[in-house]
Amino acid sequence: MAKVNLEEKFSAFSDHWSPRVIAEMNDYQFKLAKMEGEFVWHNHVDTDEVFIVVKGSMCIEMEHETIELNEGEMYVVPKGVMHKPYAQNECHVMLVEPRGVVNTGDSEGELTAENDVWV
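Position one of the sequence shown corresponds to residue 10 (our numbering), numbered consecutively onward.
This is the structure:
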């Protein structure tokens, strides 16, 4: 495996809310996503979800609290927790999750992205 330049990978796509795989490790995928606006309320019943902010800022709204993440910060949403990510301005995020996780979890809809798309 060659080294991965995150800036180059982010510049290779423009879609929001459509994660792109950049690497795999032990059945886990490292994905990059550009986020802007509001996503849908959803959860992942079988897995935690890691958000690492590479550029910009975002929030993760949950039932009883909202977590604000700035560049260089991360948060782990525990499995089964309803959450809704959003970003007022474009934010670049790395996600770490098991292969096959659907971005909208249990809430399929127009923002459900094709899975396992590499960049």
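Beta carbons: idealized from backbone N, C-alpha and C, even for Gly.
Residues of its chain near residue i, where Cβ-Cβ distance is below 8 Å and the 5 sequence neighbours each way are ignored
i      : result
Trp127 : Arg29, Val30, Ile31
Gly114 : His51, Asn52, His53, Val54
Leu120 : Trp26, Phe48, Val49, Asn112, Thr113
Contacts around residue i, its chain only, beta-carbon distance under 7 Å, and the 5 residues preceding and following it disregarded
i      : result
Asp57  : Val85, Val86, Pro87, Lys88
Val90  : Asn52, Met71
His109 : Before going on, a small fix: residue 109 reads as Gly here, not His. Cβ within range, chain order: Asn124.
Burial state of residue i (16 or more Cβ within 10 Å)
i      : result
His92  : buried
Leu117 : According to the sequence as given, residue 117 is Glu; it is not Leu. Label assigned to Glu117: exposed.
Cβ neighbours of residue i in the same chain (closer than 6 Å, five flanking residues each side left out)
i     : result
Ile61 : Met83, Met103
Lys1  : Lying outside 10 to 128, the shown extent of the chain, residue 1 is not represented and no answer is given.
Reference residue i; option with closest CA among the options
i     : options                     : result
His19 : Lys40, Met34, Asp36         : One point to set straight first is that residue 19 is Phe, not His, in the sequence displayed. When each option's Cα is compared against that of Phe19, the closest is Lys40.
Val59 : Ile76, Phe22, Glu45, Glu47  : Ile76
Asn98 : Asn14, Leu78, Ala21, Ala122 : Leu78
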